[in-house]
Structure formats: C-alpha cells, structure tokens
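Heads up: the structure comes next, in structure tokens.
Residue numbers (full-length UniProt numbering): 1 to 651.
If you want it as structure tokens, here you go:
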C-alpha cells in the first residue's frame with residue numbers, strides 16, 4: 001500500500017494453471033492486530049462482473065451502430081424524397097400560372113400547401129438526424145429580419161384566416177435594418193412556431209411580431225414572438241415540449257397530428273444561432289413563444305430616410321398592439337401622428353386598420369383627410385390598390401404600406417384597379433444562350449419548362465458534367481446552370497473546367513442541400529439556387545445575367561461623327577415613341593414589377609445610346625442595377641429623375 005493510503009482496491013489480470021486468464025480484485029486496508037499495525041487483504045472473483053461489462057459494451061456498440069444506421073437511413077431517404085418533391089412543387093408552380101378556373105386554382109393551392117407541409121416534415125427529419133450527428137451548421141447571409149417575418153406571415157395568412165382566426169403581423173421599424181444571420185434557419189423556426197399556432201388555435205387570434213431589444217457595436221439582438229389564443233400548455237409539460245418527439249400529451253397527437261420534432265428543432269436551431277427560445281402558456285388561454293437571437297450589423301449606409309416628412313396622419317385601430325405598431329412605424333417614416341379624433345384639426349392621411357366595434361359607418365361621417373385614406377387589412381392586396389382617394393393594402397407588408405402612403409402624398413400615382421393577371425415573363429431571357437447540366441430527368445424537364453415560361457428560347461440540356469463541357473466547347477453559353485451532385489464530372493468539377501476556359505464564365509449551382517451544407521469551394525459559383533428552384537429566383541438569376549452580359553450593342557461607337565441628318569431623324573423617332581415608352585415605364589413602376597421595369601429601361605438604354613446621350617445612358621445603367629437589389633424608395637426616386645431628365649433633354 002502507498003504511504004498515507006488506508007484503503008485500496010486493485011484489479012489484477014490473473015493467469016491460471018490451465019493457461020486461461022481471469023480477473024481478481026485485491027482489496028487492502030490498514031488496521032491494527034493485537035496492538036500492532038497490520039494490513040487486511042481480501043480477494044474477489046471479478047470474472048462474472050467483467051463478463052457483464054463486456055456484454056454491456058457490446059450492447060452499447062450494437063445500439064450505437066443501429067442508431068447510426070437509422071440516422072443514415074433517414075438522411076438518405078429524406079434526401080431522396082426531396083428530389084421528386086421538388087419536381088412536383090416546381091411543376092405545380094408552373095400550373096398555378098396557367099389559365100385555371102376558380103375551383104381548379106383552389107385545388108392547386110391545396111396541393112401546394114400539402115406538398116409544403118410534406119417538404120417541411122422531410123426537412124425536419126433530415127435536420128434531426130444532423131443534430132444527432134452534430135452536423136447541423138449555420139450559414140450567415142445578408143438579410144432583413146422583418147422581411148423574413150412578413151414572408152412567414154404571408155405563407156400562413158390564407159390558412160389562418162380561412163379558419164376564422166384573426167391574424168396580426170407586427171414588425172418593429174427599428175428591426176428594418178439589414179443584418180448578417182441565417183435566413184433559412186430563422187424562417188424554419190418561425191414557420192414551425194406559426195404552424196403550431198395555426199394547428200392549435202381554433203378561435204381568437206394569432207400574432208407574429210419582431211422587436212429590437214438591444215443594439216451593440218458588434219451585434220444586434222432581435223426578439224421574435226408568436227402569440228396565440230389556442231389550447232395552451234400545462235406548466236408541468238412546458239419544459240418537455242422542446243424534447244424530440246414530445247407533445248404535451250397523447251391526445252394532442254391523436255387530435256391535431258404532428259411528430260413533435262418542430263419545437264425540438266426550434267430550440268436547437270436557436271442555440272446554434274447563439275440565442276434562446278422560451279414559452280409562457282396557460283391551458284385554455286393560449287401561448288407565447290419567444291425567440292431572442294443575435295445578428296451581426298452590416299455597415300450603415302447613412303441616415304434613415306423620412307419619406308413622410310411634413311405629413312400628418314391618424315391611426316384608427318381596435319387592436320392596441322396593432323395600433324402601437326402602426327403609430328411607431330409612421331413616426332419612423334417621419335409622419336406626425338395625431339392622437340384621438342382631430343375634429344377641428346385637418347389631417348393629411350387617415351390609416352384604418354380594424355376599427356373598434358365596426359365603426360366604418362361612423363368614420364364616414366368624420367371630416368375627410370386632405371390626401372386620402374389607407375385601409376390596412378389582412379386580406380388586402382400586397383401591391384396598393386386605389387379607389388378614388390382610398391387605398392387598400394395588406395397588413396402583411398410594411399413596404400406595401402409605405403408605397404400606399406407615398407402614393408397619396410404624390411410620390412407615384414396609383415392606377416385604379418391595379419390587380420392584374422400573372423405577369424408575363426415571355427421576354428426576360430429571350431437573348432440569353434443557356435446551358436443546363438442536370439442528371440435527374442424530372443428536374444431537367446422542370447427547369448426546361450421554367451425557362452420557357454421566362455422567355456428563354458436558346459436552352460441546351462446536358463445529362464451530366466461531361467456532356468455539358470462538350471456542349472460548351474461547341475458553343476459558349478451566357479449562363480450555365482448546373483446541379484452539384486452529378487456522377488462523373490460534378491458541378492464543382494464542371495465549374496473548374498469552365499473557369500479554366502473562361503475566367504468570366506457565369507456558372508450557377510443548384511442543390512437540394514441548404515446553403516450551410518454546401519462546401520466552401522462552391523462559393524466560387526456566380527450564384528446558388530436551392531431546390532425546389534422557384535421562378536422568382538430563376539428570374540433574378542436571368543436578370544442579373546442580362547445586366548452583367550457584355551454589351552455588344554455599342555450603337556453610338558459605330559456612328560460616324562457629324563451625321564446631322566441621321567441625328568435629326570433619330571431624335572424625331574425617339575420623340576414620337578417616348579410618350580408611349582414613358583407610360584409603360586411608369587406603369588411598371590407603380591405596379592412594382594421589377595422584371596418589366598428592367599426590360600423597359602434596358603430598351604430605353606439602346607435608344608439613348610443611339611442618340612449619343614451618354615449621361616442619360618449612365619442613369620439608365622444605375623437604375624437597372626437598382627432594379628435587381630435596390631429598395632423601391634430608391635428606385636422610385638431614380639426613375640422619376642430619369643424620366644424628368646429625358647423629358648427635358650428631348651424638348
């Protein structure tokens with residue numbers, strides 16, 4: 001025994017007479033015997049215990065292997081299921097844009113919602129397996145938290161309103177800023193919370209909100225809340241609901257369905273993003289789910305614009321939370337908000353959002369505002385619709401509300417009955433030579449039809465990277481869209497080959513994986529599209545390609561100097577067509593149609609180049625860049641300035 005140690009136990013590997021080995025335990029303890037120091041020894045047979053330990057280790061190893069096999073199976077199946085799902089959802093989007101009857105359109109929308117729910121379940125299963133393997137990652141991008149909130153609200157608006165439940169979307173103007181964060185994971189959290197609220201709320205109201213709670217130099221904290229008046233959660237179960245496959249009780253699963261994965265993922269995603277999720281709930285009263293997340297501020301671009309400076313406004317709203325949110329937003333935009341009823345005080349704009357006690361008739365008897373009235377309802381249009389001096393707009397879009405207010409102040413005149421059919425995209429990709437590399441037949445068919453819907457006529461399709469490279473060598477393309485996971489030469493390999501041939505080659509990747517799962521070398525792609533590829537995302541890629549395409553229409557450079565007669569003829573032709581062209585530009589502007597506006601000003605650019613008006617050409621190019629990523633306030637200002645300058649120049 002060591003000095004100072006009174007008790008010890010040692011396991012000893014013992015070789016027996018027959019050559020077999022076994023374990024014995026030797027226990028020792030200091031004591032006294034007949035008045036003298038002594039050591040008491042004991043021997044224990046450990047062979048049975050060691051055999052049991054080996055069985056436990058083997059059982060644990062077997063269980064771990066089975067769990068890994070289960071996770072791998074779920075991951076593979078979930079990933080493979082997404083491919084046909086993406087094909088079905090993409091074709092449904094194309095079908096929804098065709099000429100359908102009212103009942104047929106309802107069927108298509110119902111199928112789309114069902115596929116959205118199925119895809120959400122598949123993604124939850126896939127993410128849960130990644131959590132078990134510690135493979136779930138966060139991918140920060142430049143994003144607007146409020147735009148994510150409004151987008152999620154619009155996704156659930158129809159289903160919630162159809163069930164007879166009131167729905168509110170309340171965004172904090174202090175959270176309008178662009179930050180760096182994982183937009184996809186934030187969307188996943190909010191959609192899970194809204195999905196639960198819609199599922200468990202049969203009467204009353206649901207509200208989703210954002211609020212900036214802390215602003216520091218290195219990070220900004222934003223709080224997201226989803227409130228409902230649903231069935232509520234007992235206090236004893238509130239900690240358990242964030243566990244995998246957990247629900248408050250079995251009767252909930254039988255009555256409402258669900259897997260119990262959603263809140264488990266919300267908690268883990270919140271923690272991965274450096275935040276927290278919590279719940280306050282009372283059975284029969286409702287629940288409040290709160291998510292606090294940190295984001296990295298982006299570089300500020302200057303002082304906040306005040307588009308409603310010197311405008312007085314009144315808010316009429318029966319919901320206190322909505323009233324407070326609208327008042328704060330109006331003041332943020334520079335308006336002076338008049339509290340109460342201004343009987344003797346004239347106001348410029350009255351904003352009506354769910355008047356208390358059905359006071360629509362009473363409001364009609366009050367003194368009319370000088371500029372007009374804005375009606376904000378959950379069923380209102382996303383693009384403002386004008387009826388006389390009354391503008392209707394959805395409560396799910398702060399940018400639409402601002403457009404409506406600017407319209408009344410004279411920023412842009414809204415045409416009556418603005419709603420129109422689905423915008424035609426028949427010429428956005430007309431001039432582009434496009435090469436597709438896709439090994440899945442369903443996805444090849446889908447993207448072919450999507451490009452056709454966007455007006456693309458020169459489309460070549462390869463079944464793998466090798467064939468795509470051969471097609472490129474035959475004739476170079478303006479745009480290459482390639483799947484990442486192809487056999488043989490994959491998307492990254494194709495990118496490397498093409499960039500060796502042409503360092504400026506525009507190559508866009510498509511993948512069913514989330515942005516966080518894509519390897520670092522894919523960042524070299526010109527852009528990335530996540531499956532299912534939406535027409536809006538594909539349209540954005542085509543528009544960007546058009547703007548970045550080398551300009552081979554240098555008309556002005558080929559003109560001979562001093563061709564005065566030609567100048568006169570060109571100016572006369574331009575003046576004759578400018579009125580019609582200006583009307584079409586203004587129509588696209590007031591309808592907030594980026595694609596049509598971009599095409600119109602691109603066409604204007606060619607005419608201005610022919611006239612040699614280089615300064616106006618530069619203005620057009622700036623406006624085209626703003627059409628891709630700029631906000632509508634900036635686009636409105638630039639477009640009005642361009643129209644005014646063209647009017648002045650041709651007189």
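Positions of the beta carbon are idealized from the N, C-alpha and C atoms, including for glycine.
>> Can you look up residue 602 in the DSSP assignment and give me helix, strand or coil?
In response: Sequence index remark: in the chain shown, residue 602 carries index 602 (1-based). Correct three-state label for residue 602: helix.
>> Tell me the residue span of the alpha helix (DSSP H) that contains residue 493.
In response: What you label residue 493 is simply residue 493 of the chain shown in a count that begins at 1. Per DSSP, residue 493 belongs to the alpha helix (DSSP H) from 491-501.
> Per DSSP, residue 36 is paired with what?
Replying inline: What you label residue 36 is simply residue 36 of the chain shown in a count that begins at 1. Beta bridge pairing from DSSP links residue 36 with 33.
> Based on the DSSP secondary-structure assignment, which residues constitute the bridge partners of residue 369?
Replying inline: To locate residue 369, count along the chain shown from 1; it is residue 369. Answer by DSSP bridge pairing: none, since residue 369 is not bridged.
> Roughly how many angstroms lie between the CA atoms of residue 536 and residue 98, to the nearest whole one?
Replying inline: Counting from one through the chain shown, the residue named residue 536 turns up at place 536. Counting from one through the chain shown, the residue named residue 98 turns up at place 98. The straight-line gap separating the alpha-carbon atoms of residue 536 and residue 98 is approximately 16 Å.
>> Could you tell me the alpha carbon to alpha carbon distance between residue 183 and residue 220, rounded to whole angstroms?
In response: Walking along the chain shown from the start, residue 183 turns up at place 183. Walking along the chain shown from the start, residue 220 turns up at place 220. The alpha-carbon separation between residue 183 and residue 220 amounts to approximately 15 Å.
> Based on the DSSP secondary-structure assignment, which residues constitute the bridge partners of residue 169?
Replying inline: Position 169 of the chain shown holds residue 169. Answer is 208.
> Which of the three DSSP states, helix, strand or coil, is assigned to residue 203?
Replying inline: To locate residue 203, count along the chain shown from 1; it is residue 203. In the structure shown, residue 203 sits in coil (DSSP, three-state: anything other than H, G, I, E or B).
>> My assumption, with CB atoms under 8 Å, is that residue 187 sits in contact with residue 141. Please give the rounded CB distance.
In response: For the purposes of this step, residue 187 is taken as residue 187 along the chain shown, with counting starting at 1. For the purposes of this step, residue 141 is taken as residue 141 along the chain shown, with counting starting at 1. The C-beta separation of residue 187 from residue 141 comes to about 12 Å, leaving the pair out of contact by the 8 Å criterion.
>> For residue 193 and residue 314, I'd like the C-alpha separation in whole angstroms.
In response: Here the question's residue 193 lines up with position 193 in the chain shown. Here the question's residue 314 lines up with position 314 in the chain shown. Roughly 33 Å between the two C-alpha positions.
> How would you write the range of the alpha helix (DSSP H) that residue 632 sits in, first residue to last?
Replying inline: Counting from 1 along the chain shown, the entry for residue 632 is found at position 632. Taken as a continuous stretch (DSSP letters only), the alpha helix (DSSP H) holding residue 632 covers 632-650.
> When you compare only the Cα positions, how much space is there between residue 443 and residue 482?
Replying inline: By one-based count along the chain shown, residue 443 stands at place 443. By one-based count along the chain shown, residue 482 stands at place 482. When rounded, the distance between both Cα atoms is 11 Å.
>> So, with DSSP's three-state summary, where would you put residue 298?
In response: The residue you call residue 298 lines up with position 298 of the chain shown. Coil, per DSSP.
> Just curious, the alpha helix (DSSP H) that residue 470 is in, first and last residue?
Replying inline: Your numbering for residue 470 matches position 470 in the chain shown. Taken as a continuous stretch (DSSP letters only), the alpha helix (DSSP H) holding residue 470 covers 465-474.
>> Can you tell me where the beta strand (DSSP E) holding residue 528 begins and where it ends?
In response: The residue you call residue 528 lines up with position 528 of the chain shown. Unbroken beta strand (DSSP E) run through residue 528: 527-530.
> Hey, out of 261, 282, 195 and 211, whose CA is closest to residue 235's CA?
Replying inline: Numbered from its first residue, the chain shown carries residue 235 at position 235. Ranking 261, 282, 195 and 211 by Cα distance to residue 235 puts 282 first.
>> Please identify the residue among 181, 290 and 326 whose C-alpha is closest to the C-alpha of residue 298.
In response: Numbered from 1 along the chain shown, position 298 holds the residue referred to as residue 298. Looking at the Cα atoms, 181 is the closest of the given residues.
>> Please identify the residue among 380, 7, 12 and 18 whose C-alpha is closest to the C-alpha of residue 735.
In response: Any property of residue 735 remains undetermined from this structure, which presents the chain solely from 1 to 651.
>> For residue 322 and residue 109, I'd like the C-alpha separation in whole angstroms.
In response: Position 322 of the chain shown holds residue 322. Position 109 of the chain shown holds residue 109. Near 29 Å, if we compare the C-alpha coordinates of residue 109 and residue 322.
> Quick one: complete alpha helix (DSSP H) runs, 4+ long, within the segment 303-338?
Replying inline: Runs found: 320-332.
> Between the beta-carbon of residue 275 and the beta-carbon of residue 307, is there less than 8 Å?
Replying inline: Translated into positions along the chain shown, residue 275 becomes position 275. Translated into positions along the chain shown, residue 307 becomes position 307. In this structure, residue 307 does not lie closer than 8 Å to residue 275 by Cβ.
> Going straight from the alpha carbon of residue 270 to that of residue 326, what length do you get?
Replying inline: Residue numbering aside, residue 270 sits at position 270 when the chain shown is read from its first letter. Residue numbering aside, residue 326 sits at position 326 when the chain shown is read from its first letter. Cα to Cα, residue 270 sits roughly 28 Å from residue 326.
> Can you name the residues that DSSP bridges to residue 41?
Replying inline: As a working note, residue 41 is residue 41 in the chain shown. According to DSSP, residue 41 bridges with 28.
> Are the segment 481-495 and the segment 462-470 in contact at 8 Å, needing three or more beta carbon pairs?
Replying inline: Enough Cβ pairs lie closer than 8 Å, so yes.
> Can you name, in chain order, every residue of its own chain whose Cβ lies under 7 Å from the Cβ of residue 613, other than the five neighbours on each side?
Replying inline: By one-based count along the chain shown, residue 613 stands at place 613. Only 649 meet the Cβ criterion.
> With 16 as the cutoff for other CB atoms within 10 Å, does residue 503 come out buried or exposed?
Replying inline: Position 503 of the chain shown, counting from 1, holds the residue named residue 503. Exposed: under 16 other Cβ atoms inside 10 Å.
> For the putative contact between residue 329 and residue 173, defined by C-beta atoms under 8 Å, what is the C-beta separation to the nearest angstrom?
Replying inline: Position 329 of the chain shown, counted from the start, is the residue given in the question as residue 329. Position 173 of the chain shown, counted from the start, is the residue given in the question as residue 173. Going by Cβ atoms, the distance from residue 329 to residue 173 rounds to 5 Å, so yes, they are a contact pair.
>> Could you check whether residue 598 and residue 640 sit closer than 8 Å to each other, using their CB atoms as the reference points?
In response: Here residue 640 is taken as the residue at index 640 of the chain shown, counted from 1. Here residue 598 is taken as the residue at index 598 of the chain shown, counted from 1. Cβ distance not < 8 Å, so residue 640 and residue 598 don't count as in contact.
>> Here's the rule I'm using: 16 or more other beta-carbon atoms within 10 Å means buried, otherwise exposed. How should residue 475 be labelled?
In response: Along the chain shown, read from residue 1 onward, the residue named residue 475 stands at position 475. By the 10 Å Cβ count, residue 475 comes out exposed.
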